[in-house]
Every structure is written in C-alpha cells, then in structure tokens.
Amino acid sequence: MAVLSLIIGGSGSGKSASLRNQDAKKSLLIQPNKGKSLPFKSTEWRKKFNAKDTSGSLYISDNYTTVHKVMDAAVKAGKKTIIVDDSNYFMQNESLRRVAETGYTKFSEIAKSYIELINHCSSLPDDVTVYIMTHIQEDDRGIMKPKTVGKMIDNQVCLEGLFTIVFRCYEREGKHYFSTKTNGFDCVKTPMGMFDDSEVDNDLAVIDAAIREYEGI
Numbered sequence: 000m001a002v003l004s005l006i007i008g009g010s011g012s013g014k015s016a017s018l019r020n021q022d023a024k025k026s027l028l029i030q031p032n033k034g035k036s037l038p039f040k041s042t043e044w045r046k047k048f049n050a051k052d053t054s055g056s057l058y059i060s061d062n063y064t065t066v067h068k069v070m071d072a073a074v075k076a077g078k079k080t081i082i083v084d085d086s087n088y089f090m091q092n093e094s095l096r097r098v099a100e101t102g103y104t105k106f107s108e109i110a111k112s113y114i115e116l117i118n119h120c121s122s123l124p125d126d127v128t129v130y131i132m133t134h135i136q137e138d139d140r141g142i143m144k145p146k147t148v149g150k151m152i153d154n155q156v157c158l159e160g161l162f163t164i165v166f167r168c169y170e171r172e173g174k175h176y177f178s179t180k181t182n183g184f185d186c187v188k189t190p191m192g193m194f195d196d197s198e199v200d201n202d203l204a205v206i207d208a209a210i211r212e213y214e215g216i
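In numbering that gives the first Met the number 0, the protein residues as written are 0 to 216.
This is the structure in structure tokens:
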C-alpha cells in the first residue's frame with residue numbers, strides 16, 4: 000500500500016511551488032487541467048509521460064480511467080512519487096460536464112469516482128509516495144478542509160478521513176510553509192514523531208524524505 004498525503008491550501012499558497020526541489024525523473028505530476036505552468040523554472044517537469052516515452056514527468060487528463068492506467072504505468076517504469084495537482088478539478092470538471100443533470104445521483108457518482116481515485120493511489124506499491132493536492136474551503140463551523148463541489152458531497156464523505164497525513168500550505172510574510180499539526184481550525188494531522196516542528200518549509204523533497212525515513216521505505 001502506497002503512503003498517501005493530502006495537501007490543502009488556497010490558490011498561490013505554495014502547493015505547486017513545493018515541487019521545485021523534487022526529483023522530476025523519479026516523479027509523475029498529474030494535472031486535470033491544461034494550461035497551468037509550475038511557478039518555477041521547470042524544464043524537466045514539462046516533459047510529457049506517455050507509453051512511448053516513460054521518462055517524462057507530466058501527464059494532463061481528468062479522465063479517471065486513463066489516470067489510473069497512467070499511474071500504474073509510471074510505477075512500472077520506476078517512478079517513486081505521484082503528485083496529483085489541483086485534484087478538486089476532477090470533481091469540478093465532471094460536475095460542469097453534467098450540469099444539465101438533476102437529482103442526487105450525479106453527486107453520488109462524482110464522489111464515488113473521486114474516492115476511487117484515492118483508493119487506486121493507495122493500491123500502488125509500498126515504496127511509492129502519493130501527494131494529493133487540493134484547494135481549501137471552510138465549513139459552517141469555520142474549519143478549513145478540502146474543497147469539493149457542494150454540500151451533498153461533503154455530507155457523503157469526509158475526504159480528510161481517508162488520509163493519515165494531511166498538510167495545509169499557507170503564506171506568511173512572504174514565505175510559504177506546510178503545517179504539520181492542526182491549529183484547531185483545520186484538518187491537519189501527521190503521525191506522532193514524523194515531524195518535530197508544527198510547520199516546515201514548503202519543500203516537497205524534504206517532506207518526502209522525512210516520510211520515507213519514518214515509514215522505512
């Protein structure tokens with residue numbers, strides 16, 4: 000079973016920027032939307048991953064079935080880290096495609112497909128780390144949690160409950176951080192002893208190394 004982490008944060012909070020020191024050759028970045036460039040020089044991250052050339056590090060699609068297959072192919076090709084950027088757009092894009100549909104069934108199916116994506120990530124080999132990045136929203140109690148496409152999905156599933164590791168990315172005085180412990184108003188959590196500090200720099204390479212050391216992989 001792969002080691003999954005959820006990373007929540009607002010737009011521009013530093014989620015994507017955290018990839019700047021991550022080894023692109025050993026990683027696969029999945030983006031559901033075209034046209035988003037990474038906020039740093041990213042020549043290696045621009046190379047597309049495909050069946051003919053598995054050395055690439057980028058795959059763009061919001062088709063769940065295709066993404067599942069690409070993840071499997073990437074791991075088979077030797078990739079050790081999978082990053083799903085802006086993952087909430089899987090739900091949002093599907094919701095927009097089905098905007099003419101009425102009733103609750105649509106939202107149940109949208110939630111089901113997203114949960115199946117997370118479950119597929121979890122089914123990857125033990126030595127693989129997966130980072131699910133998503134935008135943030137506040138619930139009625141003021142608690143910061145992963146963004147979905149509506150209360151009907153929020154009422155059906157607690158996304159953060161599917162993860163043992165949840166980070167929140169934020170900016171303070173021009174610097175970006177990942178929080179490792181909850182402030183009482185978010186869903187952040189990490190296993191005891193994984194991180195000594197309540198916040199760390201938004202450097203995914205450092206975070207990935209800490210997780211791998213803790214998990215012994």
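Every residue, glycine too, gets a C-beta built ideally from N, C-alpha and C. Quick caveat, the model's predicted, so the values are computed rather than measured.
Once the 5 residues before and after residue i are set aside, which same chain residues still bring their CB inside 7 Å of it?
i      : result
Phe162 : Leu3, Ser4 and Leu5
Val74  : Leu123, Pro124 and Val127
Tyr113 : Phe89 and Met90
Val156 : Ala110 and Ile114
Gly9   : His134 and Ile135
Would you mind giving the Cβ-Cβ distance between residue i and residue j, rounded to the nearest angstrom? I have them listed as a contact below 8 Å.
i      : j      : result
Lys68  : Gly55  : Going by Cβ atoms, the distance from Lys68 to Gly55 rounds to 15 Å, so no, they are not a contact pair.
Ile7   : Val165 : 7 Å
Met193 : Ile210 : 7 Å
Ile82  : Leu18  : 7 Å
With the cut-off set at 8 Å, would you say residue i and residue j are in Cβ contact?
i      : j      : result
Asn201 : His175 : yes
Met143 : Asp84  : no
Leu37  : Ser60  : no
Ala1   : Ser121 : yes
Val66  : Leu116 : yes
Trp218 : Leu57  : The requested residue 218 is not part of the displayed model; the chain covers only 0 to 216.
Tyr169 : Ser12  : yes
When we look at the beta-carbon of residue i and count the other beta-carbons within 10 Å, is it buried (16 or more) or exposed?
i      : result
Arg167 : buried
Lys87  : Going by the sequence as given, residue 87 is Asn instead of Lys. Classification for Asn87: buried.
Distance, Cα to Cα, residue i vs residue j?
i      : j      : result
Gly77  : Lys105 : 37 Å
Asp185 : Ser94  : 26 Å
Ser197 : Asp207 : 16 Å
Lys40  : Ala50  : 25 Å
Less than 7 Å between the CB of residue i and some heavy atom of the ligand SAH, yes or no?
i      : result
Phe177 : Looking for the ligand SAH in the displayed structure turns up nothing, as the structure carries no ligands at all.
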